[in-house]
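One structure is given here, and the rest of the page talks about it.
Chains as they are written, first to last, in our numbering: chain A, 1 to 111; chain B, 1 to 116.
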């Protein structure tokens, strides 16, 4: 079945610096790649997504890039703030809107 | 809209007991899902449903059952609970489409289950 690999598992950055999280997928037919943010004790929330017909999408301080040839996509957070501290998950849509999730990245923003 | 509501929030079960996790959504979504999240891991799909009366197995269905008698409700049944079922369970819903919110999956707050 489809496999989504996410790196790094933990990431610590200084407030104001940028953070990058990368994911690779195996199914070349995949066409939808969301990123979810999970705060402690909460369910995951969608923060940004990208479809396979575009290479980059931005929403204020967050952006996602997609390289279909290499089968990887990345989350970029600029000007990080303490409230960005959370666990981030990438995912890949397997049809019938079923998501296969990466293992997660625990992001810590240091003041 | 309340979104996706799960109950109970926390539960401790003894080995061999059974229980049902309740899930309801008020967004009129066709698709509903149950995921489990083990500590430090991503979410794995247990069961999903594309509409009332239709259910399908996900990646890790063993030990669980579901039903979908209405659009709003998607309960998850654990029969003969085992320690391996200790996890956080998330119910979710979505609707198909290519619009701005199409494909967006909305999650509930989670249900923490411990089997001892």
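Built from N, CA and C at the ideal position, the CB exists for glycine as well. Everything numeric in this text was worked out from a predicted model, so none of it was measured.
Exercise. Which word fits residue 69 of chain B, buried or exposed, when buried means at least 16 other C-beta atoms lie within 10 angstroms of its C-beta?
Worked result: Around the C-beta of residue 69 of chain B, fewer than 16 other C-beta atoms lie within 10 Å, and the residue is accordingly described as exposed.
Exercise. Where does residue 34 of chain A sit, in a helix, a strand or coil, going by DSSP?
Worked result: Residue 34 of chain A carries a strand assignment under DSSP once its states are collapsed to helix, strand and coil.
Exercise. So which residues of chain B does residue 93 of chain A contact, with C-beta pairs closer than 8 Å?
Worked result: Going along chain B in sequence order, the residues near residue 93 of chain A (Cβ under 8 Å) are 103.
Problem set entry | residue 105 of chain A - partner residues in DSSP beta bridges | A:88
Exercise. Closer than 8 Å, CB to CB, is residue 98 of chain A near chain B or not?
Worked result: yes
For this session: Report yes or no: do the stretch 98-108 of chain A and the stretch 43-54 of chain B share at least 3 C-beta pairs separated by less than 8 Å?
Result: yes
Exercise. Counting Cβ pairs, one atom from each stretch, are 3 or more of them under 8 Å apart for the stretch 106-115 of chain B and the stretch 5-21 of chain B?
Worked result: Cβ pair count under 8 Å is three or more, so yes.
Exercise. For residue 17 of chain A, which beta-bridge partners are listed by DSSP?
Worked result: DSSP lists no partner for residue 17 of chain A.
For this session: With 8 Å as the threshold, decide whether the Cβ of residue 46 of chain A is near any Cβ in chain B.
Result: yes
For this session: For the stretch 22-35 of chain A, enumerate the residues whose C-beta is nearer than 9 Å to any C-beta of chain B, in chain order.
Result: Answer in chain order: 32 and 34.
Problem set entry | For residue 83 of chain A, three-class secondary structure by DSSP | helix
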